[in-house]
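Participant: Let me begin by handing over the structure; questions about it come next.
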Amino acid sequence: MFHQYNHPAAAAAGDLLDAYRPGNAFLAAPSGAILGEGAAAAAERLEDVGDLLAQGTADSASGPIAIGAIPFDAAAPGRLVVPDRVRQAPPLTESRNSHRGQRPLPGPWAMRPLPEPAEHAAGVERLLKRLARGDGDDGPAKIVLARSLRLSGPGPVDVGQLLNNLAWRDPAACTFALDLPAASPAPRTLVGASPELLVAKRGGRVVSNPLAGSAPRSADPSKDQLSAVELLGSAKDRHEHAVVVEAVTEALRPYCRTLEVPEPELARTATLWHLSTRVTGELIDPATPSPVLAAALHPTPAVCGSPTDAARAAIAEIEPFDRGFYTGAVGYTDARGDGEWIVSIRCADVAGDTLDLFAGGGIVGDSEPDAELAETSAKLRTLLLALGVNQPLIAPPR
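Residue 128 in the UniProt record's numbering sits at position 128 of the sequence shown, and the numbers go up by one each step.
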C-alpha cells in the first residue's frame with residue numbers, strides 16, 4: 001500500500017515549471033499541468049497501471065495519479081510512476097510568463113547526425129521503391145522514416161532551463177520532462193513539447209487528435225500563410241493524413257458508441273503547420289480506462305505507418321538507431337481511468353552532456369526525398385531553437 005499526497009493547486013503552471021527539478025515528472029497538457037515528486041510505486045507497462053493505482057490511496061477524490069512514458073516498441077519496458085507528491089495547475093496557456101525567463105543553454109554544441117542527411121534521403125528512395133513495387137494486401141501504404149541528431153555540450157544539460165524554454169516558446173503544446181531508466185550514472189530525461197494528442201478520456205468522452213502532413217512556418221506573414229494554404233490543398237499530405245485518421249477511427253470504434261470525424265483543419269506550432277483532425281467519441285463503457293485506449297491506438301500511422309507490422313519491419317530495416325521513447329507516448333491517468341496521453345515527438349533523450357534529438361516524416365507513394373529531408377530538419381528546430389541553436393542543418397534542396 002502507498003499514499004499519494006496532493007498539495008494544494010498552484011496558481012499557475014509557471015509555478016510548477018519553476019519548481020521542476022531533474023528526477024521529477026512534469027506534464028503540461030490541454031487539461032492542465034502536473035508536477036510529480038518522488039516515486040511511491042512504479043510499473044513498466046500500461047496494462048499494469050490500473051492494478052498499481054488500485055493498491056494505493058490519495059488525498060484526491062479521484063485517487064492516485066500515475067505519470068510516465070512508454071517507448072515506440074510496445075513490447076519494451078516503459079517508465080510509469082506513482083509520485084509520492086503531486087501538484088496541479090491550470091494549463092500553460094492560462095499562465096503568466098515565467099520569472100525564470102528564457103535563455104539559451106551554454107554551448108558550443110558538437111552535432112553528429114545519424115544517419116547523415118544524404119543517407120536519410122537515400123532511405124526515402126528505398127522506401128519509395130518498396131511502395132511502388134507493392135507487396136500484396138499486406139504491403140505498406142505509408143512508412144514513417146526518422147533520423148536522429150546527437151548534440152554534445154560543454155557540461156551537463158540544464159534540463160530545467162530547456163523545459164522552461166520549450167514551454168514558453170509554445171505554451172499550447174504538450175510540454176513534458178520525465179525521468180527515464182539510465183544506462184549510466186548520469187540522470188536520463190525525456191523532455192519535449194509535442195503538438196499531438198494520442199488520446200484523452202474524461203468520463204464517457206474520448207478525444208484523439210492525430211496530426212499528419214506538415215509544412216515549415218515562415219517569419220514572413222505572407223509566405224507563412226501561403227505555406228498553410230498549400231498544405232491544406234496538398235494531395236500528398238491529405239492522403240498521408242487520411243491514412244492516419246482512418247486507423248485512429250478504426251482503433252477507437254470497438255470502444256465507442258458514436259464517433260465524430262470532421263474534415264482536417266490546420267494546426268500550428270512555433271515552427272510548423274500541420275493537418276489536424278479532432279476525433280471525438282462517446283464510450284460504450286464509461287469505465288474504460290485511458291491506458292487501455294492509449295494501448296489500442298499506439299503506435300498510430302502518424303509515427304509508424306500502415307499497416308503497422310509492415311511499416312515497423314521497414315523501419316527496423318532502414319533506421320540505423322533504436323527510437324527508444326521517441327514516438328512512444330507520455331501521459332497520466334488517475335485511479336478512475338481519466339487521463340491524457342501525448343505522442344512523444346519534438347523531444348530529446350537527455351543524459352549528462354548529450355541530447356539525442358529525433359524527427360521523422362511519413363513516406364507515401366508521391367513523397368520526394370529532398371522534401372522529406374527538409375521536413376525532418378524543420379521538426380528538429382523545435383528542440384534546437386529551445387537550446388539556442390539557430391543554424392541550417394542541410395543545404396537547401398536544388
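Glycine residues also receive a C-beta, built at the ideal position from the N, C-alpha and C atoms. Keep in mind it's a predicted model, so treat the numbers as computed, not measured.
1) For Ala235, verify whether its CB is less than 7 Å away from any heavy atom of the ligand MG.
2) Do the segment 213-226 and the segment 267-279 meet, that is, are 3 or more Cβ pairs less than 8 Å apart?
3) Determine the closest residue to residue 403 out of Ala43, Leu283, Asp353, Leu145, with distance taken between C-alpha atoms.
4) Let me know if Pro185 comes out buried or exposed under the rule of 16 or more other beta-carbons within 10 Å of its beta-carbon.
5) I'd like to confirm the pairing. Which residues does DSSP put opposite Pro299 in its beta bridges?
6) What is the residue span of the alpha helix (DSSP H) that Arg121 lies within?
7) Our contact map puts Ala219 next to Ser194 with C-beta atoms below 8 Å; I'd like the distance itself, whole angstroms only.
8) Buried or exposed: Thr57, going by 16 or more other Cβ atoms within 10 Å of its Cβ?
9) With H, G and I counted as helix, E and B as strand and the rest as coil, what does DSSP make of Ala13?
10) Would you mind reading off the limits of the alpha helix (DSSP H) that contains Ser222?
11) Could you compute how far the alpha carbon of Asn24 sits from the alpha carbon of Gly123?
12) Quick one: residues in its chain with C-beta nearer than 7 Å to the C-beta of Glu375, no 5 flanking neighbours on either side, listed in chain order?
13) With distance defined between alpha-carbon atoms, name the residue in Ala74, Lys236, Ile345 nearest to Arg147.
14) Residues in the same chain with beta-carbon distance under 6 Å from Ala61, minus the five sequence neighbours each way, listed in chain order, please.
15) Just to confirm my understanding: we take Tyr332, look at its own chain, exclude 5 residues before and 5 after, and list those with CB closer than 7 Å. What are they?
16) CA-CA distance, Thr354 and Leu283?
17) For Asn165, count neighbouring C-beta atoms within 10 Å of its own C-beta (all shown protein chains included) and say buried if the count is 16 or more, exposed if not.
18) Taking the Cβ atom as the reference point for each residue, do Lys142 and Glu246 lie within a distance shorter than 8 Å?
19) If I measure Cβ to Cβ from residue 405 and keep anything under 6 Å in the same chain, skipping five residues before and after, which residues do I get?
20) Identify whether Leu149 lies in helix, strand or coil by the three-state DSSP scheme.
21) Can you check DSSP and say which residues form a bridge with Arg112?
22) Could I get the ranges of all uninterrupted beta strand (DSSP E) runs contained in the segment 8-64, with 3 residues as the minimum, in chain order?
23) So is Leu226 buried or exposed if we call it buried at 16+ other beta carbons inside 10 Å?
Facilitator: So, from the listed chains and residues:
1) The model depicted lacks the ligand MG and carries no ligand whatsoever.
2) As far as the Cβ criterion goes, the segment 213-226 touches the segment 267-279, which means the pair count is three or higher.
3) No statement about residue 403 is possible, as the shown extent of the chain runs from 1 to 398 and does not include it.
4) Translated into positions along the sequence shown, residue 185 becomes position 185. Exposed, because fewer than 16 other Cβ atoms sit within 10 Å of the Cβ of Pro185.
5) Looking up residue 299 in the sequence shown gives position 299. Pro299 is not bridged to any residue.
6) Mapped onto the sequence shown, residue 121 falls at position 121. The residue asked about is misnamed: residue 121 is Ala in this sequence, not Arg. Per DSSP, Ala121 belongs to the alpha helix (DSSP H) from 117-133.
7) Here residue 219 refers to the residue found at position 219 when the sequence shown is read from its first residue. Here residue 194 refers to the residue found at position 194 when the sequence shown is read from its first residue. 23 Å between Cβ atoms; not a contact.
8) Numbered from 1 along the sequence shown, position 57 holds the residue referred to as residue 57. Classification for Thr57: exposed.
9) Here residue 13 refers to the residue found at position 13 when the sequence shown is read from its first residue. Here Ala13 sits in helix by DSSP.
10) Numbered from 1 along the sequence shown, position 222 holds the residue referred to as residue 222. Run containing Ser222: 221-232, per the alpha helix (DSSP H) assignment.
11) Residue numbering aside, residue 24 sits at position 24 when the sequence shown is read from its first letter. Residue numbering aside, residue 123 sits at position 123 when the sequence shown is read from its first letter. Taking the Cα positions, Asn24 is about 38 Å away from Gly123.
12) Position 375 of the sequence shown holds residue 375. Cβ-Cβ distances below 7 Å link Glu375 to Ser214, Gly361 in the same chain, with the five nearest sequence neighbours on each side left out; the list follows chain order.
13) Against the sequence shown, residue 147 aligns to sequence position 147. Ranking the options by Cα distance to Arg147, first place goes to Ile345.
14) Along the sequence shown, one-based indexing puts residue 61 at 61. The answer is none, since no qualifying residue turns up.
15) Along the sequence shown, one-based indexing puts residue 332 at 332. Same-chain partners within the cutoff: Leu27, Ile34, Ile65, Ala66, Ile67, Gly339, Glu340.
16) The residue given as residue 354 occupies position 354 in the sequence shown. The residue given as residue 283 occupies position 283 in the sequence shown. Going by the C-alpha atoms only, they are around 43 Å apart.
17) Taking the first residue of the sequence shown as 1, we reach residue 165 at position 165. Taking all protein chains in view, the Cβ of Asn165 is crowded by 16 or more other Cβ atoms within 10 Å, so the residue is classified as buried.
18) For the purposes of this step, residue 142 is taken as residue 142 along the sequence shown, with counting starting at 1. For the purposes of this step, residue 246 is taken as residue 246 along the sequence shown, with counting starting at 1. Taking 8 Å as the Cβ cut-off, Lys142 and Glu246 do not qualify as a contacting pair.
19) Residue 405 falls outside the range modelled here, since the chain spans only 1 to 398, and no answer is possible.
20) The sequence position of residue 149 within the sequence shown is 149, counting from 1. In this structure, Leu149 counts as strand in the three-state DSSP scheme.
21) What you label residue 112 is simply residue 112 of the sequence shown in a count that begins at 1. In the DSSP secondary-structure assignment, Arg112 is bridged to Arg150.
22) List check, beta strand (DSSP E) in window: 25-29, 32-37, 41-43, 56-58.
23) Here residue 226 is taken as the residue at index 226 of the sequence shown, counted from 1. With fewer than 16 other Cβ atoms from the protein chains shown falling within 10 Å of its own Cβ, Leu226 counts as exposed.
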